[in-house]
Amino acid sequence: MDNQYRCEKCNLTLDSFKYVLLLSMELSDFSGCHWVTVFEEKAVKLLGKTAEELGKLVEDNRLDEYNDVFSAVRFREYTFRIRAKSEFYNVR
1 MDNQYRCEKC NLTLDSFKYV LLLSMELSDF SGCHWVTVFE EKAVKLLGKT
51 AEELGKLVED NRLDEYNDVF SAVRFREYTF RIRAKSEFYN VR
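Going left to right, the sequence shown walks through residues 1 to 92 as UniProt numbering numbers them.
So this is what it looks like as structure tokens:
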């Protein structure tokens with residue numbers, strides 16, 4: 001099982017994997033703050049790096065560069081279009 005990866009969702013064991021971006025971040029302004037999730041396409045646009053590029057930085061142990069990617073987008077002014085979705089989990 002060395003160098004193999006298991007997909008829990010598909011119940012498969014694979015020889016390779018694909019990095020994906022799923023950012024959880026807190027947005028705030030004068031009125032308060034909200035936690036949001038940013039998916040692949042928009043996360044790449046925000047960070048300026050693909051999931052593969054970020055994964056390569058971690059694999060190569062270039063953690064300062066990896067952290068710099070996220071530091072570069074902190075405490076800046078952005079305009080976001082947010083879609084809200086209400087979900088219930090484990091309700092009895």
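We treat Cβ as the ideally placed atom computed from N, Cα and C, and that holds for glycine.
Beta strand (DSSP E) segment containing residue i, residue limits
i	result
LEU54	It is not in any beta strand (DSSP E) - LEU54 instead sits in the alpha helix (DSSP H) that spans 51-59.
LEU12	12-14
CB contact below 7 Å: residue i versus chain C
i	result
LEU54	No chain C is present in this structure, which holds just one protein chain.
Range covered by the alpha helix (DSSP H) that runs through residue i
i	result
ASP64	63-71
VAL44	40-47
Beta-carbon contacts of residue i that lie in its chain and below 6 Å, excluding the five residues immediately before and after
i	result
LEU57	GLU65, TYR66
Secondary structure of residue i, DSSP reduced to three states
i	result
LEU27	strand
LEU22	strand
Beta-carbon proximity list for residue i, same chain, < 7 Å, skipping 5 on both sides
i	result
TRP35	SER24, GLU26
Own chain, CB closer than 8 Å to residue i, minus 5 neighbours either side, in chain order
i	result
LEU22	THR37, VAL38, PHE39, GLU40, ALA43
GLN4	THR13, LEU14, ASP15
For residue i, the residue or residues it bridges with in DSSP
i	result
ARG6	THR13
VAL36	MET25
If contact is defined by three or more beta carbon pairs under 8 Å, each pair taking one atom from either stretch, is the stretch 80-87 in contact with the stretch 48-56?
no
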